[in-house]
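Residue numbers (the numbering used here): 134 to 512.
Rendered as structure tokens:
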């Protein structure tokens with residue numbers, strides 16, 4: 134039977150005092166508890182000034198008071214000699230301080246959009262001597278928390294987290310658990326509104342609203358005055374629509390026909406695609422629309438021949454810019470597209486998390502980083 138929390142914390146304190154410093158991973162194994170449980174104990178004990186924790190090592194303190202908090206880096210293998218101080222940095226920089234860290238990353242998939250995000254994160258993590266482990270959710274309800282807990286139980290020192298929030302941000306009462314995780318956490322391509330517990334987390338995301346506005350502005354420069362947005366419901370859609378509507382208002386454009394209202398029953402992918410096709414046909418033939426931003430590339434490539442079969446010529450009747458730029462350049466006629474900085478999002482998020490884990494002079498303010506997408510024009 135595992136010891137009661139008070140007894141367990143007393144054991145931790147006794148071991149740290151006897152040895153000077155102890156690796157968190159080794160201590161969890163020795164006590165027969167999960168890393169998550171031990172980290173909670175360490176948080177409480179550090180807050181009380183009983184121990185100091187730095188980079189995966191906890192150490193005793195002089196005079197019974199300890200400094201700040203940071204989890205992880207199991208590069209330290211030898212315990213500190215008796216009477217040693219509390220620091221385990223020994224003057225090494227952030228890059229060296231990341232050696233041995235394990236970074237857990239929870240994403241919906243490692244394909245399509247998130248392939249570049251994961252690649253960017255992995256390159257930064259490995260360049261700094263750490264290791265990246267990935268959990269996949271496939272957008273299944275509740276799976277993001279399951280995967281986060283699994284990665285923590287296997288020793289992740291920090292998390293890069295893309296929760297399954299349908300609108301890209303949590304609904305009422307959703308997602309508060311992300312702010313209660315026992316390790317530093319960075320949201321990736323997700324947002325939390327002011328007042329939500331997760332709003333205090335670091336986050337790195339693409340500014341999709343800016344990307345949509347950039348596309349609208351380019352189309353206006355080409356002479357278009359009535360521009361539609363065609364996007365099926367994805368976590369990106371609310372941001373795209375916000376940027377699109379802001380640009381339409383700021384540029385004084387004529388509004389496009391409204392998007393069809395959702396019915397009471399969910400639609401299949403085929404039904405959603407058919408509805409998008411009908412909307413664009415009607416918008417061009419009866420609504421005066423001459424250009425559209427279509428999310429995503431694959432939808433645009435499938436829509437264009439069907440639009441042409443219905444008598445809507447592209448680009449003569451309808452100029453098209455796509456959003457994502459995954460395969461837009463591979464269309465029969467290469468399509469202009471807005472490309473979020475996916476690789477850089479992953480790289481920035483990983484770098485921010487590693488900096489949190491290796492900070493020695495205080496963590497500094499939380500950061501909300503938004504990277505601007507890039508418009509690529511193809512003729």
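No residue lacks a Cβ here, since even glycine has one placed at the ideal position from N, Cα and C.
Only a predicted model underlies this, so the values are computations on that prediction, with no experimental measurement involved.
Quick one: is residue 279 buried, meaning 16 or more other Cβ sit within 10 Å of its Cβ, or exposed? So residue 279 counts as exposed.
Alpha carbons only, please: which of 171, 155, 162 is nearest the one belonging to residue 139? Checked all of 171, 155, 162; the closest Cα to residue 139 is 171.
Is the separation between the beta-carbon of residue 433 and that of residue 453 shorter than 8 Å? Closer than 8 Å, so yes.
Please look up how many angstroms separate the CB atoms of residue 254 and residue 482, rounded, as I've assumed it's under 8 Å. Taking 8 Å as the upper bound for CB-CB distance, residue 254 and residue 482 are in contact here, some 6 Å apart.
Does the region 443–459 come within contact of the region 386–400, defined as at least 3 CB pairs closer than 8 Å? At 8 Å Cβ cutoff, the stretches do not touch.
Considering just the uninterrupted stretch of the alpha helix (DSSP H) at residue 236, what are its terminal residues? For residue 236, no alpha helix (DSSP H) run applies; the uninterrupted beta strand (DSSP E) run containing it begins and ends at 235–240, by DSSP.
Going by DSSP, what residue range makes up the alpha helix (DSSP H) through residue 160? Segment 157–164, the alpha helix (DSSP H) holding residue 160.
For residue 295, collect the residues of the same chain with a Cβ closer than 7 Å to its Cβ; drop the 5 residues on either side in sequence, then sort them by chain order. Same-chain partners within the cutoff: 239, 240, 241, 321, 322, 323.
Give the range of the alpha helix (DSSP H) segment to which residue 374 is assigned. It spans 370–383 - the alpha helix (DSSP H) in which residue 374 sits, taken as one unbroken run.
Between the region 263–271 and the region 306–313, do at least 3 Cβ pairs fall closer than 8 Å? As far as the Cβ criterion goes, the region 263–271 does not touch the region 306–313, which means the pair count is below three.
Applying the 10 Å Cβ sphere with the 16-neighbour rule, what's the burial state of residue 291? With 16 or more Cβ atoms within 10 Å of its Cβ, residue 291 is classed as buried.
From residue 468 to residue 271, what does the alpha carbon distance come to, in whole angstroms? Each residue's Cα considered, the two are about 29 Å apart.
Closer than 6 Å by C-beta to residue 243: which residues in its own chain qualify, once you throw out the five before and the five after it? Chain order, please. Excluding residues up to 5 positions away in sequence, 251 lie with their Cβ nearer than 6 Å to the Cβ of residue 243 in the same chain.
Could you give the distance in angstroms between the alpha-carbon of residue 298 and the alpha-carbon of residue 388? Those two C-alpha atoms are separated by around 29 Å.
Ignoring anything shorter than 4 residues or poking outside the region 410–465, list the alpha helix (DSSP H) runs there in chain order. Runs of the alpha helix (DSSP H) lying entirely within the region 410–465, each at least 4 residues long, are 430–442 in chain order.
If we ignore side chains and look at the alpha-carbon of each, how far apart do residue 437 and residue 158 end up? Residue 437 and residue 158 have their C-alpha atoms some 55 Å from each other.
Quick one: what does DSSP say residue 249 is sitting in, helix, strand or coil? In the structure shown, residue 249 sits in a helix (DSSP, three-state: H, G or I).
Between residue 486 and residue 314, how many whole angstroms is the CB-CB distance? I'm expecting something under 8 Å. Going by Cβ atoms, the distance from residue 486 to residue 314 rounds to 12 Å, so no, they are not a contact pair.
Cα-Cα separation between residue 386 and residue 357, rounded to whole angstroms: Their backbone Cα atoms lie some 9 Å apart in a straight line.
Per the DSSP calculation, residue 501 is bridged to which residue(s)? Paired residue(s): 336.
Which residues mark the beginning and the end of the alpha helix (DSSP H) in which residue 470 is found? Taken as a continuous stretch (DSSP letters only), residue 470 belongs to no alpha helix (DSSP H), being part of the beta strand (DSSP E) at 469–472.
Going along the chain, which unbroken runs of the beta strand (DSSP E) with 3 or more residues stay wholly within the region 301–369? For secondary structure counted as the beta strand (DSSP E) over 3 or more consecutive residues, the region 301–369 holds these complete runs in sequence order: 318–321, 335–339, 360–364.
Apart from the five residues on each side of it in sequence, which residues of its chain come closer than 6 Å, Cβ to Cβ, to residue 277? 239, 270, 296, 297, listed in sequence order.
Going by DSSP in three states, residue 512 sits in which element: helix, strand or coil? Residue 512: coil per DSSP, three-state reduction.
In this structure, does DSSP put residue 264 in helix, strand or coil? The three-state secondary structure of residue 264, taken from DSSP, is strand.
Flag this pair as touching only if the region 364–380 and the region 417–428 have three or more C-beta atom pairs under 8 Å; answer yes or no. Yes, the region 364–380 touches the region 417–428.
Separation of residue 281 from residue 457, as counted between CA atoms: Approximately 27 Å, taken between the alpha carbons.
Starting from the C-beta of residue 236, find all residues in its chain whose C-beta is less than 8 Å away, skip the five residues before and the five after it, and write them out in chain order. The answer, listed in chain order, is 254, 258, 263, 264, 265, 266, 289, 290, 291, 292, 293, 483, 486, 487.
Within the same chain, show all residues whose beta-carbon is closer than 6 Å to that of residue 464, passing over the 5 residues directly before and after it, in chain order. Taken in chain order, the residues that qualify are 434.
Is it buried or exposed, residue 512, if we count other Cβ atoms within 10 angstroms and call 16 or more buried? It counts as exposed.
Pick from 178, 304, 319, 161: whose alpha carbon is nearest that of residue 499? For the set 178, 304, 319, 161, the Cα lying nearest the Cα of residue 499 is the one of 319.
Residues that residue 507 bridges to, as DSSP identifies them: Answer is 472.
Might you give, ordered along the chain, the residues of its own chain that have their beta carbon closer than 6 Å to the beta carbon of residue 417, omitting 5 neighbours on each side? The residues are 445, 450, 451.
Does the region 405–413 come within contact of the region 331–342, defined as at least 3 CB pairs closer than 8 Å? Not touching, per the Cβ criterion.
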